[in-house]
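As given, the protein sequences belong to chains D and S, one line each in that order. Just so we're aligned, residue 1 is where the first sequence starts under the numbering used here, counting upward by one. Just so we're aligned, residue 1 is where the second sequence starts under the numbering used here, counting upward by one. Glycine residues also receive a C-beta, built at the ideal position from the N, C-alpha and C atoms.
Number of protein chains: 2
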Amino acid sequence: MRSDARRNYERILAAAVAEVAATGADASLEKIARDAGVGSATLHRHFANRQALMEAVFHDRVETLCAQAGDLTLTDWLRAVAEFGATTRGLAASLLAAGATADSGCEAMLTDAGGALLRQAQQSGEVRAGVAITDLLTLVNAISLATQDGPEAIRLLDLALKGVAP
Amino acid sequence: MRSDARRNYERILAAAVAEVAATGADASLEKIARDAGVGSATLHRHFANRQALMEAVFHDRVETLCAQAGDLTLTDWLRAVAEFGATTRGLAASLLAAGATADSGCEAMLTDAGGALLRQAQQSGEVRAGVAITDLLTLVNAISLATQDGPEAIRLLDLALKGVAP
DNA sequence: AGACTAACCGGAGTGGCACCCCGTTTGTCA
DNA sequence: TGACAAACGGGGTGCCACTCCGGTTAGTCT
């Protein structure tokens, strides 16, 4: 990779992080390119489509999220994922779209980290068998997506994990 | 309302129903107008924005959904809502957007019908206090949204209602 | 250092979108 | 039947994602 290419890549990524934080995952790619000081063609050469760019934007943060898994219980980690998804506007939608279209690095990281916690919780009898980590992550994604960036996410997640029975 | 206006209104609505069924709630409004044989300006005069059109498209179906509430338990009715949301692509997203921006007729109907069922379930001790119908509907919307039109919706809803404990 | 070349760049273009303006047509009702 | 308000839609605006291609540049090899 040539040095100018790398420099532009990083400028675009930085602009994208800022713009996504400000306006969500449906931010204008043209504006990101403009903010980065490159032509839109350059943006599209580095990131074939919106999805690819979003993957890159979220990758680092997802990585740290997965690194935290060792220090948390399944429930607390799922809460962290929910909170992250709710604050990082559009992560959920982005991951969802990724799951639908192509295998995403982010998703694999999340299922790996969460899968370990889930197995642990199942062995200690806190979670019943037949629950898959993908189910739980889909649920978290769903809730993040539905509550946008509101504070409802955690409450709804707890509700879903606890069930509605007394 | 003039007769031509009414005729165009209905043509647009019919085209919208077909198009939404085919491609989801993010269907092209221009294409709907084209299919209806009217100019795009006419579509926008009758329906100020995408949200208004979607409301109209879903209104009838939501009405029948609410009418069924009397014959079903809370759980079964929520399943019906989930199934409906999953098959009618984009209903969930649409209702969500509605909830965020303006009070929607559809949403009020759903909270009324579901609220009655929930009170009933709480009085008979099947559902604990502190659970609100809006929580449950948000959850259902979330799941419909996340599972797109897949068959996962019901399974995830049951999971959420039951909780993860053994 | 100089020259070569493949990689890279971005302005300009394409086709599509939602939504609006305004001159024209049409239904209605006296 | 004539007048007029109501409704129509072609065409326009500004935005978007994404692509093409002629010019530029960074790295390499002598």
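Given Glu126 of chain D as reference, the closest of D:Thr73, D:Phe47, D:Thr42, D:Thr138 once Cα atoms are compared: D:Thr73
Assigned secondary structure, Ser28 of chain S (DSSP; H/G/I helix, E/B strand, else coil): coil
So is the beta-carbon of Gly150 of chain D under 6 Å away from any non-hydrogen atom of the ligand SAH? With respect to the ligand SAH, the structure shown offers nothing to examine, as it has no ligands at all.
Within the continuous alpha helix (DSSP H) that includes Ala68 of chain S, where are the two ends? Note on identity: in this sequence residue 68 of chain S is Gln, with Ala being the wrong assignment. First-last for Gln68 of chain S: undefined, no H or E at that position.
Taking Cβ-Cβ distances below 8 Å as the criterion, which residues of the stretch 136-147 of chain S are in contact with chain D? Leu136, Thr138, Leu139, Asn141, Ala142, Ile143, Leu145, Ala146, Thr147
Which runs of the alpha helix (DSSP H), 4 residues or longer, sit entirely within the stretch 122-160 of chain S? 133-146
Neighbour flag for Val164 of chain S against chain D, beta carbons, 7 Å: yes
Residues of chain D with CB under 7 Å from Ala160 of chain S, in chain order? Leu139, Ala160
Mapping the DSSP letters down to three states, classify Phe226 of chain S as helix, strand or coil. The requested residue 226 of chain S is not part of the displayed model; chain S covers only 1 to 166.
Taking a contact to mean a Cβ-Cβ separation below 7 Å, would you say Leu137 of chain S touches Ala160 of chain S in this structure? no
Let me know the secondary structure DSSP gives Ala165 of chain S once reduced to three states. coil
Using the beta-carbon of each residue, which ones in chain S are nearer than 9 Å to Val127 of chain D? Val164, Ala165, Pro166
Whether Val57 of chain S touches Ala16 of chain S by CB criterion (7 Å): yes
Indicate the three-state DSSP secondary structure (helix, strand or coil) for Met1 of chain D in the structure shown. coil
Name the residue from D:Gly37, D:Lys162, D:Val131, D:Ala113 whose alpha carbon lies nearest to the alpha carbon of Gly70 of chain D. D:Ala113
Which residues in chain D sit within 8 Å of Val38 of chain S, going by Cβ to Cβ distance? Residues of chain D passing the Cβ test: none, with the nearest at roughly 29 Å.
Nearest-angstrom Cβ-Cβ length linking Ala129 of chain D and Gln122 of chain D, presumed shorter than 8 Å: 6 Å
Cβ-Cβ separation, Ala146 of chain D to Leu145 of chain S (assumed contact under 8 Å), whole Å: 6 Å
Close Cβ partners of Ala82 of chain S (< 7 Å) along its chain, the five nearest in sequence each way excluded: Val140, Ile143, Ser144, Ala153, Ile154, Leu157
Ala100 of chain S versus Thr111 of chain D: straight-line alpha-carbon distance, rounded: With a pLDDT of 49 at Ala100 of chain S, under the threshold of 50, the modelled position of this residue cannot be trusted, and the question is left open.
Compare the C-beta of Leu156 of chain D against all C-beta atoms of chain S and say whether one is closer than 7 Å. yes
With the cut-off set at 7 Å, would you say Gly163 of chain D and Gly163 of chain S are in Cβ contact? yes
Where Ser28 of chain D and Gln68 of chain S are concerned, what is the direct C-alpha to C-alpha distance, given to the nearest angstrom? 43 Å
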